[in-house]
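Undergrad:
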């Protein structure tokens, strides 16, 4: 398999977009896949030829769990705007804060599968607004004067 495009009509029914799925994959320790290219509203999954079967299986387990989380939203277990997908990825700073205003547990947020308790990638930041960032690009580099 070279590439796989995933598209699902979840945006219209429960508001889940490919962005939400891509960011939730980060909670599982995966780099977010390419979004909306070459087809708008899709995820493009491209495992490399060097990926082990174990890693492919781990990815499949993550996608199955994400589908289970989507089913929980569809069933009304979690609100459309306050669920693990809409708030992914979850940073260590967020889940260790005294303030937690989500209807799902901290454990569900960061350890959706048991193996993550032994080996967890912690994201440096929580969810960011991609569209705002794309439209309001600001350089955070030091000023040229700092190098004089």
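Residue numbers (the working numbering): 28 to 175.
Heads up, the beta-carbon is just placed ideally off N, CA and C, and yes, glycines get one too.
Since the model is a prediction, treat every value here as computed from it, not as a measurement.
Pick helix, strand or coil for residue 175, following the three-state DSSP scheme.
TA: For the purposes of this step, residue 175 is identified with residue 148 of the chain shown, where counting begins at 1. Coil at residue 175, not helix or strand.
Undergrad: Near residue 28, what residues of its chain come up, given a Cβ to Cβ distance below 8 Å and the 5 sequence neighbours on each side ignored?
TA: Counting from one through the chain shown, the residue named residue 28 turns up at place 1. Residue placement at residue 28 is flagged as unreliable, the pLDDT there being 48, under the threshold of 50; the coordinate-derived value follows with that caveat. Hits under 8 Å: 74.
Undergrad: Measuring CB atoms only, is the region 36 to 49 touching the region 94 to 111, in the sense that at least three cross pairs come out at less than 8 Å?
TA: Yes: at least three Cβ pairs fall under 8 Å.
Undergrad: How long is the line joining the alpha carbons of residue 176 and residue 62, rounded to whole angstroms?
TA: Residue 176 is absent from the structure shown; the chain starts at 28 and stops at 175.
Undergrad: Which runs of the alpha helix (DSSP H), 4 residues or longer, sit entirely within the region 90 to 114?
TA: You should have found no qualifying run.
Undergrad: Since residue 43 is in the alpha helix (DSSP H), which residue starts that stretch and which ends it?
TA: Here residue 43 is taken as the residue at index 16 of the chain shown, counted from 1. That residue, residue 43, is in no alpha helix (DSSP H); it is neither H nor E in DSSP.
Undergrad: In whole angstroms, what separates the C-alpha of residue 149 from that of residue 117?
TA: Your numbering for residue 149 matches position 122 in the chain shown. Your numbering for residue 117 matches position 90 in the chain shown. Taking the straight line joining both Cα atoms gives about 8 Å.
Undergrad: Can you list, in chain order, the residues of its chain whose CB lies under 8 Å from that of residue 156, leaving out five sequence neighbours each side?
TA: Numbered from 1 along the chain shown, position 129 holds the residue referred to as residue 156. Excluding positions up to five away in sequence, the list is empty.
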